[in-house]
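Enquirer: Next up is a structure, given as structure tokens.
There are 2 protein chains.
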Amino acid sequence: MASARILVRGPGDGRGRNMVPYQRVSVCGIHVTGVPFDELVRSAEMLVDALNLRRCYMDISHQSFPPGLAYYLDHHEAPPRGPNRQGLVDYGGAVVKFDNPWTCFIPADCKYHYRWEKGVVQIYRSEADMNVHNPLPYRNISFVKYVEDLCRLSDMIADGPLKSFCYRRLSYLSSKFKMHVLLNELHELALQKAVPHRDFYNIRKVDTHIHAASSMNQKHLLRFIKRTMRTCADEVVAVQRGVPKTLKSVFEEMNLDAYDLNVDLLDVHADRNTFHRFDKFNAKYNPVGESRLREVFLKTDNYMNGTYFARIIKEVINDLEENKYTYSEPRISIYCKSKSEWSKLASWALRNDVHSAHVRWLVQVPRLYDIYRISKLLNNFQEFINNLFDPLFQVSIDPHSNVELHKFLTHVIGFDSVDDESKPENPILSENMRSPEEWDDEENPPYAYYLYYMYANMVTLNQLRKERGMNTFVLRPHCGEAGPASHLSAAFLLSENISHGLVLRKVPVLQYAYYLAQIYIAMSPLSNNSLFLRYHRNPLPEYFEKGLNVTLSTDDPLQFHYTKEALMEEYSVAAQAWKLSTCDMCELARNSVIMSGFPHEMKQHWLGSQYQRDGPEGNDITRTNIPDLRLAYRHETLIDELDNLFKVHMT
Amino acid sequence: MASARILVRGPGDGRGRNMVPYQRVSVCGIHVTGVPFDELVRSAEMLVDALNLRRCYMDISHQSFPPGLAYYLDHHEAPPRGPNRQGLVDYGGAVVKFDNPWTCFIPADCKYHYRWEKGVVQIYRSEADMNVHNPLPYRNISFVKYVEDLCRLSDMIADGPLKSFCYRRLSYLSSKFKMHVLLNELHELALQKAVPHRDFYNIRKVDTHIHAASSMNQKHLLRFIKRTMRTCADEVVAVQRGVPKTLKSVFEEMNLDAYDLNVDLLDVHADRNTFHRFDKFNAKYNPVGESRLREVFLKTDNYMNGTYFARIIKEVINDLEENKYTYSEPRISIYCKSKSEWSKLASWALRNDVHSAHVRWLVQVPRLYDIYRISKLLNNFQEFINNLFDPLFQVSIDPHSNVELHKFLTHVIGFDSVDDESKPENPILSENMRSPEEWDDEENPPYAYYLYYMYANMVTLNQLRKERGMNTFVLRPHCGEAGPASHLSAAFLLSENISHGLVLRKVPVLQYAYYLAQIYIAMSPLSNNSLFLRYHRNPLPEYFEKGLNVTLSTDDPLQFHYTKEALMEEYSVAAQAWKLSTCDMCELARNSVIMSGFPHEMKQHWLGSQYQRDGPEGNDITRTNIPDLRLAYRHETLIDELDNLFKVHMT
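Encoded structure:
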């Protein structure tokens, strides 16, 4: 094996790149990956295999996949440069008009029929077609194939030489970034200074992971409760055994006086007792430790149809709008206990006019089948899925059947799967597992099982909606916050992007695959610090160095943050703890915009019209405040990594 | 030596304490300090000696000293409990009327005379007295005695057995606090919840260390500059070689357009390049790297008499007042280049009506004699001191000679000494050092020399002002941010409290002495993180555990903070990084109020009427949100430590 040499070069490295001038670090020699050639070939094969898998899952679900990488997979070489650029990835979500957010085109009933088969919907053009089992030619991935693919990933994760290869490459990427910064930092800063008007405060940032019910901070919730008690004490907020309860009487029953209430008593903030205690943390959603106040103030579906919740959410939204540069993708719950949940949610949003150009919704589905089964709300897991998807298929086939839901869905960009990932489960799926309708005992299905049935039905739903000109959805689950590595394999196949990803630090193969596939990861280090991983051990800075597409998000300002500017507080702590440069911070912010489900046109406005293109061509420093050279570094580095793999893969 | 045993006891430990019930950790046995008896005796002697020194320095300067400790020093035992409490320490600064902040009693000219003798003022009842060298019987400490005392402290610091003793006691205090928390944390929280209305958000916090010129955040300064450019472009802001310059022309000369200006270009934020580069950090005070903008916007003494600076400071003050619970003690500079600085400063404050019940000023004196000497502004160090103190003595003798200054001084609580402590200097003072008038070369005097002459003249000034019924001042220098340990010895003798104190972590003897004397330390870990010590290595949590009186302060929001709530951001990062409980945070906030120079009546209102009393008797949980048991723990622990020393010291 020839030895590799590290060169630092100025502009023009002779590889014909359209040069952004900066100090480049490159390695020359033969087989520059630092492993024996046969190991390189073997590793490349497996990684390309994994990337091909993901591409297939993304394609059929209408989720995004980097076009440059797709070109590599097809042609085993980098896409050609120049004006004839590749088909661009469509990251954007629903396009909505902003003058009246609830106005949208309402297509007619297409009269399709659908039927559940082994947990996945089949769609038919007509009842006749359904009777003869002649479904529409929508593509999907069978559970058996999925289990097979998971197994392949699982073998890769455990493969010794591949592990070493990926670990080496990741370490190399980390060192390379450090050298890049040493050589170019001051130049980057000078370029940023030269951009008129733009700075970190007035670039767009999206809070890509936040729960609506905890999107206000503790002081805000306290004030809201007190104010409501002052102004609405006599409103009936609940009915208990047929007896109407006013807000005042609810407080009286709890022996609470609104004036006396304080943040300590509210007790919603995470503290050192929540570390590795997800159960305790979940209980923090209950103000004063009482589900009654959560019910009254933080639910969309209660006796008052979530009026108070709508009010406080609108206050949160108002703060976002005033701030102008901060956007948010809050999660709102569908529990799948009943089919009416979707209608109620949509009707809550429309009746209370809860919307904003600053907000796009994700629907979070807690993995609580076992709880509902134990309390006999459901008979089997199929019913859980029915409650999630039936209303969506119905409204997508005939929007007039539920206009409110149809309208609300134009503001929804995808699905999130939530719960404590560290709960014990059998992480290994098998091909002959019970189907959802057979899953009728009190055992909770494993994470990867939940995720598959959300994915497979979303695939069909997205194809149907695409065909009908409606917006499609993405899967952005909580994944790798804790628990086994297999969760990250499942998400690698099924989801466009993820929240957390902490566990990737222990799984070099997946970490490298997430890097190659440029999967976005919304990280919340302050949340992790209270729950799973101390701040100074958080892998975010390391991921960022290596070039994984990470963003900063707050998760739960109610539980974690102190100031009125939760997202800025999150950036502040990260910047101080990890000594991020302003260029780093702007890159994190840009990542958050690209990851988000805001409409394509808004992203163009925020990042530049060409934002979907790779490298510096996709950058507009006057909007992003990121020097071209940073994106050139990122892009060239990725191309080098892919070249390493695809060159030998071809041979 | 009998072995010591650790006991955990419930209420009533048989020592006759007026019991606050909680789980107490105590050690029983003989000679419970863990060192051989003779070492204990020797250590106790030295520590008591050090405490006696400090007491003497504090007494004659009218700075505070804990009355409980004074009783120990007099009687070798704990002060008796009960209603006949000891003379209480007067922490408070100037008492001013709030209806009209500039109204105050203006005493007549007392016709005293004064003269400088070896760098320290002597005051005489009349000219005749002066001629016969018959000064007023004010007490003071000679430079020779000071150098002697410093040497004694310096010997103690280096004393092996004493070092071990102090290190052991500090480790014990740290472990004891950890046990206290394990046993009482939930009880503390329950007690806090039970306090109606009160929580961390609505207890008073004082930002005990902040520089006026950097008290706004970078975005605020940017907006202010842009707004001023929009509205006041044609105002003359400077005169350059006789030519008046408008704001517009200043911008034009710098090739700046106000709209184009951004935070990056402003370049006032600390970044990773300021670490261990105090010089670079100091340059960050210059917006856009230009002293011109600093001159126009951030100085009290410029062509426009600091109009713009007054305006932005009033905006900062306004934010404080709106927040209601946050107070601030900003530093404002007297450079000592000329005698007119005090008049100009006072006139700036009065003309622009810069004042607030939320603000008390400290005057900071940069240690820049060498710079002025090199540029021939001064001939010797005596002139530096003259410029600092002459106006103060003149106005204290005859307030009518400068009514503005007299009024302004009612809002000033003390002096700060500032600059890079890590600059090379000879840290050892000698008795036969040159006096200030002999100090006429370009060498900068060492830290401890500066501090002595500030102290010694403040001693005389305070005695004069006390006699005349005027407010007195304290010394609160930057100390132990970096540099040699001897700075901390100097401040141990001379100053009521200090800022930073990072170096105490390396000097167990002084750390323990600071604990015993309960000296308040304003710490700014975010500032340290950018300049001298990474956040996770900051000793604040450790000091806090041991019972040193630490507070959280921001130092320079312009350079370090991101949100609009800089002090809350500082608390937030500390709470998250170090997992502080809400009780810990409330204790830090209470410390900041006690440390501050706000008037006694305000402190009573904020903390409870008995706040000066030791232990739980001085606490009012309905105002401080701190359970009595926490203060009982602190007080009993301190008493135990003092008992250890004074019991053997007596024998």
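Chains A and B, in that order, give the protein sequences.
This note's numbering puts the first residue of the first sequence at 1, with every later residue one more than the last.
This note's numbering puts the first residue of the second sequence at 1001, with every later residue one more than the last.
The beta-carbon is built from N, C-alpha and C at its ideal position, and this holds for glycine as well.
Out of curiosity, what's the CA-to-CA distance linking Val1144(B) and Met1433(B)?
Expert: Each residue's Cα considered, the two are about 9 Å apart.
Enquirer: Determine the contact status of Leu247(A) and Val237(A), defining contact as a CB-CB distance below 9 Å.
Expert: Yes, Cβ-Cβ distance for Leu247(A) and Val237(A) is below 9 Å.
Enquirer: Buried or exposed: which applies to Val132(A), given that a residue is buried once 16 or more other Cβ atoms fall within 10 Å of its Cβ?
Expert: Val132(A) should be labelled exposed.
Enquirer: Which residues share a DSSP beta bridge with Arg5(A)?
Expert: Answer is Cys28(A), bridged to Arg5(A).
Enquirer: Give the single residue among Gln1518(B), Asn1471(B), Ala1522(B) whose Cα lies nearest to the Cα of Gly1480(B).
Expert: Answer by Cα proximity: Ala1522(B).
Enquirer: Should Tyr369(A) and Asn444(A) be called a contact, given that it needs their Cβ atoms to be closer than 9 Å?
Expert: The answer is yes: Cβ separation under 9 Å.
Enquirer: Do Cys1151(B) and Ala1513(B) have their beta-carbon atoms positioned less than 9 Å apart in this structure?
Expert: No; because the gap between Cβ atoms is not below 9 Å, this pair is not in contact.
Enquirer: Would you say Gln559(A) and Gln23(A) are within 9 Å of each other, going by their C-beta atoms?
Expert: Taking 9 Å as the Cβ cut-off, Gln559(A) and Gln23(A) do not qualify as a contacting pair.
Enquirer: Nearest-angstrom Cα distance between Lys205(A) and Ser401(A)?
Expert: Approximately 37 Å between the Cα atoms of the pair.
Enquirer: Any idea what DSSP makes of His1269(B), helix, strand or coil?
Expert: His1269(B) falls in the coil class under three-state DSSP.
Enquirer: Just to make sure I have the definition right: I need the residues of chain B whose C-beta is within less than 7 Å of the C-beta of Tyr535(A). Which are they?
Expert: Within 7 Å Cβ-Cβ: Gln1576, Ala1577.
Enquirer: Using a C-beta cutoff of 9 Å, does His1197(B) count as contacting chain A?
Expert: Closer than 9 Å: yes.
Enquirer: Using the beta-carbon of each residue, which ones in chain A are nearer than 8 Å to Ser1581(B)?
Expert: Those are Asp271, Arg272, listed as they occur along chain A.
Enquirer: By the three-class DSSP mapping on this structure, what secondary structure does Phe297(A) have?
Expert: In this structure, Phe297(A) counts as helix in the three-state DSSP scheme.
Enquirer: Please list the terminal residues of the continuous beta strand (DSSP E) segment that includes Gln1122(B).
Expert: Start and end: 1120-1124.
Enquirer: With Phe389(A) as the anchor, note down where its beta strand (DSSP E) starts and where it stops.
Expert: Not the beta strand (DSSP E): Phe389(A) falls in the alpha helix (DSSP H), residues 381-397.
Enquirer: Just confirm the distance between the C-beta atoms of Ile639(A) and Ala78(A), as a whole number of angstroms; I'd bet it's less than 8 Å.
Expert: Confirmed, about 6 Å.
Enquirer: Less than 9 Å between CB atoms is the rule here; does Asp159(A) satisfy it with respect to chain B?
Expert: Asp159(A) does not count as touching chain B.
Enquirer: Could you check whether Ser527(A) and Thr563(A) sit closer than 9 Å to each other, using their CB atoms as the reference points?
Expert: Result no, Cβ atoms of Thr563(A) and Ser527(A) do not sit closer than 9 Å.
Enquirer: Quick one, which of Ala346(A), Leu645(A), Thr208(A) has its alpha-carbon nearest Glu404(A)'s?
Expert: Checking every option, the nearest Cα to that of Glu404(A) belongs to Ala346(A).
Enquirer: Going along the region 1323-1337 of chain B in order, which residues come within less than 8 Å of chain A, judged by CB to CB distance?
Expert: Listed by position along the chain: nothing, the set is empty.
Enquirer: Buried or exposed for Leu182(A), going by 16 or more other Cβ atoms inside 10 Å?
Expert: By the neighbour-count rule (16 or more Cβ atoms within 10 Å), Leu182(A) is not buried but exposed.
Enquirer: Check for me: the alpha helix (DSSP H) holding Asn134(A) runs from which residue to which?
Expert: No alpha helix (DSSP H) contains Asn134(A), which DSSP labels as neither H nor E.
Enquirer: Distance, Cα to Cα, Thr1731(B) vs Gln1612(B)?
Expert: The displayed coordinates of chain B run from 1001 to 1651. Any statement about residue 1731(B) would go beyond what the structure contains.
Enquirer: Quick one, are the C-beta atoms of Ser1489(B) and Val1474(B) less than 9 Å apart?
Expert: Contact flag unset, no.
Enquirer: In chain order, what residues of the same chain lie with their CB nearer than 8 Å to the CB of Ile1157(B), ignoring the 5 residues before and after it?
Expert: Cβ neighbours of Ile1157(B) beyond the five flanking positions: Lys1163, Ala1485, Ser1489, Val1507, Val1509, Leu1510.
Enquirer: Val1363(B) to Phe1415(B), Cα distance in whole Å?
Expert: About 5 Å.
Enquirer: Alpha carbon to alpha carbon, how far is Ile1594(B) from Asn1619(B)?
Expert: Approximately 12 Å, taken between the alpha carbons.
Enquirer: Report the three-state DSSP secondary structure of Ala233(A) (helix, strand or coil).
Expert: In this structure, Ala233(A) counts as coil in the three-state DSSP scheme.
Enquirer: What residue range is occupied by the uninterrupted beta strand (DSSP E) comprising Gly306(A)?
Expert: That residue, Gly306(A), is in no beta strand (DSSP E); it is neither H nor E in DSSP.
Enquirer: Closer than 7 Å by beta-carbon distance: list the chain B residues that pair up with Gln610(A), in chain order.
Expert: None at all; the shortest Cβ gap to chain B is about 22 Å.
Enquirer: So which residues of chain A does Ser1026(B) contact, with C-beta pairs closer than 9 Å?
Expert: Chain A residues near Ser1026(B): none, gap ~25 Å exceeds 9 Å.
Enquirer: Should Val20(A) be labelled buried (16 or more other beta-carbon atoms within 10 Å of its own) or exposed?
Expert: By the 10 Å Cβ count, Val20(A) comes out buried.
Enquirer: For Ser1242(B), count the other beta carbons within 10 Å of its own beta carbon; 16 or more makes it buried, fewer makes it exposed. Which is it?
Expert: The amino acid occupying residue 1242(B) in the given sequence is Gly; Ser does not appear at that position. Exposed: under 16 other Cβ atoms inside 10 Å.
Enquirer: Select from the region 537-568 of chain A all residues with a C-beta closer than 8 Å to any C-beta belonging to chain B, and list them in chain order.
Expert: Cβ contacts with chain B: Phe560, His561, Tyr562, Thr563, Lys564, Glu565, Met568.
Enquirer: With Glu1341(B) and Asn1387(B) assumed to form a contact (beta carbons below 8 Å), what rounded beta-carbon distance in angstroms separates them?
Expert: Confirmed, Cβ separation roughly 7 Å.
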